[in-house]
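Numbering (the numbering used here), first residue to last: 70 to 271. Ideal Cβ positions, reconstructed from N, Cα and C, are used throughout, including at glycine. None of the values given here were measured: they were computed from a predicted structure. Written below as structure tokens is the structure these notes are about.
Next comes the structure, spelled out in structure tokens:
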């Protein structure tokens, strides 16, 4: 069915600033979607940061007391989660940045799609980490290498955690996408060459 778009253009800045209740509703919905996405990202980064911190503390203590492959296992956990801790910090900043400015439907869709694509890419990397862990563990058993065995076990653990973590994030964000898609055919407020425009598609 052909979509017909009716656009009401506010010709002056004064008129554009006088928003109707419908315009307020559109803006509030789009901003609420961005807020929910930002809150979800922030909460997940807290989980990643907590996991990283626990691994760093526990691994640092255990590495000094362990022997053989266990020592390398704990060392790799520390190395790996130092990176995870940095990622969690960057993610916190990204969550805050997402709230900057107003969110149109198009902006929300772009940001949501980019996040979901990143999460799918991450799940692929997580499986690669686990495959590498299996390879190292097999090589360690074959060559009697404590280092390879320890590193392999660590990659299996860390990759497994990240796989579950990223999949949960992906499905949580799919719920936001469904709410966004449901609203896509309705009212949208955005800028036009002459000011602000309110559009309705049906």
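Check	Outcome
Cβ contact (3+ pairs, closer than 8 Å) linking the region 108-118 and the region 147-165	yes
Helix, strand or coil at residue 275 [DSSP, three-state]	Any property of residue 275 remains undetermined from this structure, which presents the chain solely from 70 to 271.
Run of the alpha helix (DSSP H) containing residue 193, from where it starts to where it stops	174-212
Sequence-distant residues of the same chain with beta carbon closer than 6 Å to residue 208, five excluded per side	217
Span separating the alpha-carbon of residue 223 from that of residue 189	22 Å
Residue 102 beta carbon less than 9 Å from that of residue 181	yes
Contacting residues, own chain, Cβ-Cβ under 7 Å from residue 118 (five flanking each side not counted)	154, 157
Alpha-carbon spacing of residue 251 relative to residue 174, whole angstroms	11 Å
Simplified DSSP assignment, three categories, for residue 157	helix
CB contact flag (residue 194, residue 110, <9 Å)	no
Coarse secondary structure for residue 127, derived from DSSP in three states	helix
Close beta carbons around residue 273, own chain, < 6 Å, minus the five adjacent residues each side	Outside the shown range of the chain (70 to 271) lies residue 273, about which nothing can therefore be said.
C-alpha distance - residue 215 paired with residue 202, whole-angstrom precision	13 Å
Assigned exposure category for residue 138 - 16 Cβ within 10 Å defines buried	buried
Pair within 9 Å by beta-carbon distance, residue 120 and residue 240	no
Span separating the alpha-carbon of residue 146 from that of residue 227	8 Å
Beta-carbon proximity of residue 272 to residue 144, cut-off 9 Å	Missing from the structure shown is residue 272; the chain here goes from 70 to 271 and no further.
Reference residue 192, options 233, 108, 204, 152, closest by Cα	233
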